[in-house]
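Sequence lines, in order, name chains A and B.
Using numbering that gives the first Met the number 0, the letters of the first sequence map in sequence onto residues 0 to 119.
Using numbering that gives the first Met the number 0, the letters of the second sequence map in sequence onto residues 0 to 119.
By construction, the Cβ of each residue, glycine as well, lies at the ideal position given by its N, Cα and C atoms.
Below is one structure, written out as structure tokens, with a few remarks after it.
Protein chains: 2
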Amino acid sequence: MSGKNPGMDMTTLSALAEPNRMNIVELLRDGPMTVGEIANRLGLRQPQASKHLKVLSDSGILEVKAEANRRIYKLRAEPFQALDSWVKSFQRVMEDRFDNLEDYLRELQNKEKSQDHSNG
Amino acid sequence: MSGKNPGMDMTTLSALAEPNRMNIVELLRDGPMTVGEIANRLGLRQPQASKHLKVLSDSGILEVKAEANRRIYKLRAEPFQALDSWVKSFQRVMEDRFDNLEDYLRELQNKEKSQDHSNG
DNA sequence: AAGGAATATTCCTGTCAATGAATATAAAAA
DNA sequence: TTTTTATATTCATTGACAGGAATATTCCTT
Chain A
0 MSGKNPGMDM TTLSALAEPN RMNIVELLRD GPMTVGEIAN RLGLRQPQAS
50 KHLKVLSDSG ILEVKAEANR RIYKLRAEPF QALDSWVKSF QRVMEDRFDN
100 LEDYLRELQN KEKSQDHSNG
Chain B
0 MSGKNPGMDM TTLSALAEPN RMNIVELLRD GPMTVGEIAN RLGLRQPQAS
50 KHLKVLSDSG ILEVKAEANR RIYKLRAEPF QALDSWVKSF QRVMEDRFDN
100 LEDYLRELQN KEKSQDHSNG
């Protein structure tokens with residue numbers, strides 16, 4: 000219960016941290032697209048495209064709609080919202096304590112003195 | 000020149016897409032911290048901590064301040080701003096074409112007809 | 001029903017990156 | 001100057017994961 004909440008879903012990040020997958024995500028800005036179209040536009044082989052799309056779907060970044068033979072992939076809003084709030088929470092923190100570095104240095108100095116080994 | 004701008008720096012993402020590094024970043028919400036303190040609090044060995052900190056620094060997520068013996072690491076605002084604008088650009092796009100899926104389906108149908116192989 | 005198109009899955013292989021252990025470097029303390 | 005503290009770096013090992021090739025599956029077309 001002592002919330003050590005990582006907050007951000009790691010699968011989202013690791014899914015995006017791969018060039019081809021990032022390219023897919025960027026491509027899908029243009030709207031929903033079939034596997035074949037994605038593979039063509041990005042110069043990927045169909046199986047690799049499918050694999051990357053699976054990773055992206057599993058992580059919740061994309062969703063699929065089966066249309067007969069085709070599978071149409073499109074972006075999902077949720078993970079981007081999650082990323083957004085995560086980033087914002089950091090921006091807030093950084094505004095506050097923007098440069099407590101000097102405070103921290105003084106803390107360090109004090110600790111030194113409190114555990115002072117010199118015989119005074 | 001034909002701007003195929005990935006926009007988002009991949010090193011930022013891949014740096015964050017590793018649990019220990021994410022933990023470090025989360026920990027540094029509390030403010031700047033030395034290597035030893037980070038290692039202790041996260042139960043990491045010092046060398047591993049240093050290595051992860053190097054990755055985070057190289058990617059621009061952290062910056063170091065050398066203070067005598069110690070190295071004090073702290074968060075940098077810039078990569079979070081970059082992430083923020085990247086995410087926002089997506090949110091805008093998704094608001095617009097939120098569900099052009101049906102449009103796309105009709106496009107598909109049309110293409111089928113235009114490249115119709117039946118003898119008319 | 002047969003053939004073909006679109007997509008997914010499996011298996012293998014190579015590569016990269018995280019880990020552990022040991023060691024190097026730098027500064028502080030004695 | 002020797003020792004100790006704090007941190008970085010090197011090297012070898014290992015595990016995860018992306019790519020390639022082949023194949024399975026599903027649906028459409030004829």
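Same chain only: Cβ atoms within 6 angstroms of residue i, ignoring 5 sequence neighbours per side
| i | result |
| --- | --- |
| Ala-38 of chain A | Gln-45 and Ala-48 |
| Glu-128 of chain B | This structure gives no information on residue 128 of chain B, because the portion of chain B shown stretches from 0 to 119. |
| Arg-70 of chain A | Val-34 and Val-63 |
| Arg-6 of chain A | Contrary to the premise, residue 6 of chain A reads as Gly rather than Arg in this sequence. Only Trp-85 meet the Cβ criterion. |
| Asp-57 of chain A | none |
| Leu-74 of chain B | Leu-27 |
Amino acids of chain A, ordered along the chain, whose beta-carbon sits closer than 8 angstroms to that of residue i
| i | result |
| --- | --- |
| Asp-83 of chain B | Asp-83, Val-86, Lys-87 and Gln-90 |
Assigned exposure category for residue i - 16 Cβ within 10 Å defines buried
| i | result |
| --- | --- |
| Ala-16 of chain A | buried |
| Ala-14 of chain A | buried |
| Pro-18 of chain A | exposed |
| Lys-53 of chain B | exposed |
Under 8 angstroms from the C-beta of residue i: neighbouring residues of chain B
| i | result |
| --- | --- |
| Tyr-103 of chain A | Gly-30, Pro-31, Met-32 and Ile-71 |
Contact with chain B by residue i, beta-carbon distance below 8 angstroms
| i | result |
| --- | --- |
| Ala-16 of chain A | yes |
| Ala-48 of chain A | no |
| Ala-38 of chain A | no |
| Leu-41 of chain A | no |
| Leu-74 of chain A | yes |
| Met-93 of chain A | yes |
Residue i at chain A interface by Cβ criterion, 8 angstroms
| i | result |
| --- | --- |
| Leu-61 of chain B | no |
| Ala-65 of chain B | no |
Chain B contact residues for residue i, given Cβ-Cβ distances below 7 angstroms
| i | result |
| --- | --- |
| Ser-13 of chain A | Ala-16 |
Cβ neighbours of residue i in the same chain (closer than 8 angstroms, five flanking residues each side left out)
| i | result |
| --- | --- |
| Leu-55 of chain B | Ala-14, Arg-20, Ile-23, Val-24, Leu-61 and Tyr-72 |
| Leu-82 of chain A | Met-7 and Thr-11 |
| Leu-41 of chain B | Asn-19, Asn-22, Ile-23, Leu-26 and Ala-48 |
| Glu-77 of chain A | Gly-59 |
| Asp-29 of chain B | none |
| Arg-31 of chain A | A quick correction: the sequence has Pro, not Arg, at residue 31 of chain A. Contacts found: Lys-64, Ile-71, Tyr-72 and Lys-73. |
| Val-92 of chain B | none |
Close-in-space but distant-in-sequence residues of the same chain around residue i (CB under 7 angstroms, 5 per side omitted)
| i | result |
| --- | --- |
| His-51 of chain A | Asn-19, Arg-20 and Ile-23 |
| Ala-67 of chain A | none |
_Which runs of the beta strand (DSSP E) at least 3 residues long sit entirely within the segment 25 to 63 of chain A? Give them in chain order._
Within the segment 25 to 63 of chain A, no complete beta strand (DSSP E) run reaches 3 residues.
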